[in-house]
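2 protein chains.
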Amino acid sequence: MTVTLADVAARARVSPATVSRVLNGNYPVAAATRERVLRAVAEMDYVLNGPASALAAATSDLVGILVNDIADPFFGIMAGAAQSEIGRPEGSGRAGGAKLAVVCNTGGSPERELTYLTLLQRQRAAAVVITGGALEDPAHIAAMTAKLTRLAQAGTTVVLCGRPPLPAGGPGAPIEAAITFDNRGGGRRLTEHLLALGHRRIGYVAGPPERTTTRHRLEGHRAALRAAGITEDQDRLTRHGPYTRRSGHEATLELLRRDPGLTAVVAANDTVALGACAALRELGLRIPGDISVAGFDDLPFAVDVGPALTTVRLPLAEAGARAGRIAMGREAVPPGGLATMGATLLARASTAAPHD
Amino acid sequence: MTVTLADVAARARVSPATVSRVLNGNYPVAAATRERVLRAVAEMDYVLNGPASALAAATSDLVGILVNDIADPFFGIMAGAAQSEIGRPEGSGRAGGAKLAVVCNTGGSPERELTYLTLLQRQRAAAVVITGGALEDPAHIAAMTAKLTRLAQAGTTVVLCGRPPLPAGGPGAPIEAAITFDNRGGGRRLTEHLLALGHRRIGYVAGPPERTTTRHRLEGHRAALRAAGITEDQDRLTRHGPYTRRSGHEATLELLRRDPGLTAVVAANDTVALGACAALRELGLRIPGDISVAGFDDLPFAVDVGPALTTVRLPLAEAGARAGRIAMGREAVPPGGLATMGATLLARASTAAPHD
DNA sequence: CTGTTAGCGCTTTCAG
DNA sequence: CTGAAAGCGCTAACAG
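See the structure below:
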């Protein structure tokens, strides 16, 4: 029923091989012949059979992008940038190069992460870009390392974006490259900003435990505190939860219950900060008059919430684009396969000196 | 190098056919044999070759989800819900059913929409879910109709989510179903709310022209005005632009320049409303004291901006999930293939009676 | 520059 | 319930 390469070849009065060649543009074909083939393709509305060509060529034009939460712009921005780089036609006016960049939503679940990787392996994906922080569970790290090793063996290029190479400081999975963010430095600078304003009792609403992103941001926070000579037990002033508004809301109430003397709350990211702000408002506290709040990521809405959120900007789009280009082999792999992108403090209206 | 079905068969001492049967679980196999095969699969770390099986079976386990802007939670929420339904294993403990739901970001570009559809057709996708409003350009409608027709002929199920069937009230493309939102009704109720508060001069920051979503929301707005006896030329109080914060910002300034007497601004969606709020604040106007602002969609951040945004809630997750289930044949197609989901007015703090 | 010839790895009748 | 055999539609040497 559907038209095949052979049908096109018959109509163009050439061999199937020739049709394949003009379609893939990777082999010299006489201009006249090419045109005749192209005309036949157009006339017959021919669409290449992806599976068949993938089978024969032992590689497909599918590129997977894994994200933890597709409804979160943090991932959407990275994925969009990566996808647009990957979908971009190759430099010269070639017919090939058109890759199908697809994003897969793991929902933050380690099992689904592995499942998607298997599905992508099954499709013989040309490359895989994995975004967002990783789970630091030994079993999962082992499973991921094994899976990525197999993917690499099968010829799939693996690039991490916003995630450190796995395992953190171990033998390492055979990835092409890793683009990471300076979460630790960003966290440190954010807290230094608060300390400079005069804050001493700072609550911290952390992300889910065992996530690299969570740990690094928290480490930066604590390093700043330590450097300022604040040595008291910080665990009491820290509460872990998912990267959601709701978690920020609950955690803030809880932290304030534990220590009503807090003058500032630092959230694991902007979304969590939104929940913190809401909780504070419900308590009748003014921001930053009564208490300061800070986020992380600088998502587009951060500047619009009331008051504009002090946060740390991460070059999400740039990182995603870079990961996409590396996955396509269009950008040199950074030295050591590792590139860290800066995190910039953005001091806005939600932080101010504590009210004596 | 990589292990094939035949390798597994050899190790399990059965024929390749048998291995295929246990893997697909669609044919009776003796329990003992099945177990032997499964063990061999596990021991050899075998992963099915997707392209080969898709070629042989003439269908793949790929399902595409098209979105206009992956960085926008409006799409992220729908896509996430759809993807999670599609990725969900089938009811019974079957091995099959595991579909690879992938989201494709068109960036709102008609060409890329068509390109992705072709790529998906090339992959012999099992189904395609297209989210978001459609472009009402005759040429694009024709191209889409043709493309969707070919997809359907090739056995791909097409479901629209948040988009009316194409062409609007014409012969219609052969889609399985369309889930739409009551954008018109929502728009009408939102403006009725403003009118009830006493507003008479309302600026409208519309979305991109020629988009169904834009048109329907605007129609609802104008219907409410007409019903209230406001007959003056509304074009002067309307300005089109992309669904971005920046557009909301610029358009609001422009509308206020055209008519400084505006007492309210209605935005095409929450993101645009954010830009409108920012512009108003820069002008030193208080919301809602000096001027009211309303959005549309009720994205998660809407309640957190200052002041909390009056908007219209759309059941995005529910619509996406439903579209996903229909695409998988797990939910009955609604009567006439068309289901409209309600839009609920959410009156919050950003709207109030005009200040005399 | 173009045609011929083998498969790629799997599914699927069709027989047992 | 299981095996044998015939392709699915395309690409990739290899000749010409």
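Which chain is which? The protein sequence lines are R and E, in order. Start counting the first sequence at 3; every next residue gets the next number (my numbering). Start counting the second sequence at 3; every next residue gets the next number (my numbering). Even for Gly, the Cβ is constructed at its ideal location relative to N, Cα and C.
Q) Using the beta-carbon of each residue, which ones in chain R are nearer than 7 angstroms to residue 90 of chain E? A) Along the second sequence, read from residue 1 onward, the residue named residue 90 of chain E stands at position 88. None at all; the shortest Cβ gap to chain R is about 10 angstroms.
Q) Do you know offhand how far residue 249 of chain E's Cα is from residue 297 of chain R's? A) Here residue 249 of chain E refers to the residue found at position 247 of the second sequence. Here residue 297 of chain R refers to the residue found at position 295 of the first sequence. The straight-line gap from Cα to Cα measures roughly 25 angstroms.
Q | 9 angstroms Cβ cutoff met for residue 141 of chain E and residue 161 of chain E | A | In the second sequence, the residue the question calls residue 141 of chain E occupies position 139. In the second sequence, the residue the question calls residue 161 of chain E occupies position 159. Not in contact: residue 141 of chain E and residue 161 of chain E (Cβ atoms no closer than 9 angstroms).
**Q.** Neighbourhood of residue 2 of chain E by C-beta, 8 angstroms cutoff - its chain only, sequence neighbours within 5 removed
**A.** Examination of residue 2 of chain E is not possible in this model, given that chain E is present from 3 through 358 alone.
**Q.** Cut-off 7 angstroms between Cβ atoms - residues of its own chain near residue 137 of chain E, not counting five sequence neighbours on either side
**A.** Translated into positions along the second sequence, residue 137 of chain E becomes position 135. If we look at residue 137 of chain E and ignore the five residues flanking it on each side, its Cβ neighbours are 112, 212, 213.
**Q.** Close beta carbons around residue 4 of chain E, own chain, < 6 angstroms, minus the five adjacent residues each side
**A.** Counting from 1 along the second sequence, the entry for residue 4 of chain E is found at position 2. If we look at residue 4 of chain E and ignore the five residues flanking it on each side, it has no Cβ neighbours.
**Q.** Bridge-paired residues (DSSP) for residue 106 of chain R
**A.** Translated into positions along the first sequence, residue 106 of chain R becomes position 104. In DSSP, residue 106 of chain R forms a bridge with R/68.
Q | Residues that residue 111 of chain R bridges to, as DSSP identifies them | A | Along the first sequence, one-based indexing puts residue 111 of chain R at 109. Answer is none; residue 111 of chain R lacks a bridge partner.
(Q) Looking only at its chain, what residues have a beta carbon closer than 6 angstroms to the beta carbon of residue 315 of chain E, apart from the 5 residues adjacent to it on each side? (A) On the second sequence, position 313 is the one that residue 315 of chain E refers to. So the qualifying residues of the chain are 300, 346, 348.
Q: Taking all protein chains shown into account, decide if residue 322 of chain R is buried (16 or more other Cβ within 10 angstroms of its Cβ) or exposed.
A: As a position in the first sequence, residue 322 of chain R is number 320, starting the count at 1. Buried, by the Cβ-count rule.
Q | residue 247 of chain R: contacting residues in chain E (beta-carbon distance under 9 angstroms) | A | By one-based count along the first sequence, residue 247 of chain R stands at place 245. Result: 302, 303, 305, 306.
Q. Taking the continuous alpha helix (DSSP H) assigned at residue 43 of chain E, which residues delimit it?
A. If you number the second sequence from 1, residue 43 of chain E lands on position 41. First-last of the alpha helix (DSSP H) with residue 43 of chain E: 33-46.
Q: Taking 9 angstroms as the cut-off, decide whether the C-beta atoms of residue 193 of chain R and residue 239 of chain R are in contact.
A: For the purposes of this step, residue 193 of chain R is taken as the residue at position 191 of the first sequence. For the purposes of this step, residue 239 of chain R is taken as the residue at position 237 of the first sequence. No, the pair does not count as a contact, with Cβ atoms beyond the cut-off.
**Q.** Three-state class that DSSP yields for residue 1 of chain R in the structure shown
**A.** A question about residue 1 of chain R goes unanswered here, because the residues of chain R that appear run from 3 up to 358.
**Q.** Span separating the alpha-carbon of residue 266 of chain E from that of residue 70 of chain R
**A.** Counting from 1 along the second sequence, the entry for residue 266 of chain E is found at position 264. Counting from 1 along the first sequence, the entry for residue 70 of chain R is found at position 68. Distance between the alpha carbons of residue 266 of chain E and residue 70 of chain R is about 39 angstroms.
Q) Going along the chain, which residues of the region 104-117 of chain R sit with their C-beta nearer than 8 angstroms to a C-beta in chain E? A) 104, 105, 106, 107, 109, 114, 117
Q. Under 9 angstroms between the Cβ atoms of residue 205 of chain R and residue 264 of chain R?
A. As a first step, residue 205 of chain R must be located in the first sequence, where it is residue number 203. As a first step, residue 264 of chain R must be located in the first sequence, where it is residue number 262. Cβ atoms of residue 205 of chain R and residue 264 of chain R: closer than 9 angstroms.
Q.
So residue 74 of chain E contacts chain R; which residues on that side make the cut at Cβ distance below 8 angstroms?
A. Against the second sequence, residue 74 of chain E aligns to sequence position 72. Those are 75, 78, listed as they occur along chain R.
(Q) Run through chain E and tell me which residues come within less than 8 angstroms of residue 49 of chain R, C-beta to C-beta. (A) Looking up residue 49 of chain R in the first sequence gives position 47. By Cβ distance, chain E contributes 120, 123, 124, 152.
Q. With 16 other CB atoms within 10 Å as the buried threshold, where does residue 139 of chain E fall?
A. Locating residue 139 of chain E in the second sequence gives position 137, counting from the first residue. Residue 139 of chain E should be labelled exposed.
Q. Based on Cα-Cα distance, which residue from R/196, R/230, R/164, R/116 lies nearest to residue 144 of chain R?
A. If you number the first sequence from 1, residue 144 of chain R lands on position 142. Residue R/116 is the option with its Cα nearest to residue 144 of chain R.
Q. Does DSSP classify residue 73 of chain E as helix, strand or coil?
A. What you label residue 73 of chain E is simply residue 71 of the second sequence in a count that begins at 1. Residue 73 of chain E: coil per DSSP, three-state reduction.
Q: Using a Cβ cut-off of 9 angstroms, pull out every chain E residue sitting near residue 309 of chain R, in sequence order please.
A: By one-based count along the first sequence, residue 309 of chain R stands at place 307. Residues of chain E passing the Cβ test: 308.
Q | Chain-order list of residues whose beta-carbon lies under 6 angstroms from that of residue 342 of chain E (same chain, five-residue window excluded) | A | Residue mapping note: residue 342 of chain E aligns to position 340 of the second sequence, counting from 1. The residues are 182, 184.
**Q.** Status (buried if at least 16 other CB within 10 Å, exposed otherwise) for residue 291 of chain E
**A.** One-based indexing of the second sequence puts residue 291 of chain E at position 289. The residue in question, residue 291 of chain E, is exposed, as its Cβ has fewer than 16 Cβ neighbours within 10 Å.
Q | Limits of the unbroken beta strand (DSSP E) element including residue 313 of chain E | A | As a position in the second sequence, residue 313 of chain E is number 311, starting the count at 1. Annotation for residue 313 of chain E: the continuous beta strand (DSSP E) segment containing it runs 313-315.
(Q) Does residue 245 of chain R pass the burial test, meaning 16 or more other C-beta atoms within 10 Å, or should it be called exposed? (A) Residue numbering aside, residue 245 of chain R sits at position 243 when the first sequence is read from its first letter. Flag for residue 245 of chain R reads buried.
Q. Are the Cβ atoms of residue 310 of chain R and residue 207 of chain R separated by less than 9 angstroms?
A. Position 308 of the first sequence, counted from the first residue, corresponds to residue 310 of chain R. Position 205 of the first sequence, counted from the first residue, corresponds to residue 207 of chain R. Going by C-beta atoms, residue 310 of chain R is not nearer than 9 angstroms to residue 207 of chain R.
**Q.** Where the region 262-282 of chain R meets chain E: residues whose CB sits under 7 angstroms from a CB there
**A.** 276, 279, 280
Q. Taking three-plus beta-carbon pairs below 8 angstroms as touching, is the region 272-285 of chain E in contact with the region 328-335 of chain E?
A. no
(Q) With a threshold of 9 angstroms between beta-carbons, can residue 244 of chain R be considered close to chain E, or not? (A) Sequence index remark: in the first sequence, residue 244 of chain R carries index 242 (1-based). Answer no: the Cβ-Cβ gap between residue 244 of chain R and chain E never drops below 9 angstroms.
Q. Name the residues in the region 205-231 of chain R whose C-beta lies less than 7 angstroms from a C-beta of chain E; which are they?
A. Hits within the stretch: zero.
Q.
Can you confirm whether the region 41-49 of chain R touches the region 34-42 of chain E when touching is taken to mean that 3 or more C-beta pairs between the two stretches lie within less than 8 angstroms?
A. no
Q | Residue environment, residue 17 of chain E, which counts as buried when at least 16 other CB atoms sit within 10 Å | A | For the purposes of this step, residue 17 of chain E is taken as residue 15 along the second sequence, with counting starting at 1. Exposed: under 16 other Cβ atoms inside 10 Å.
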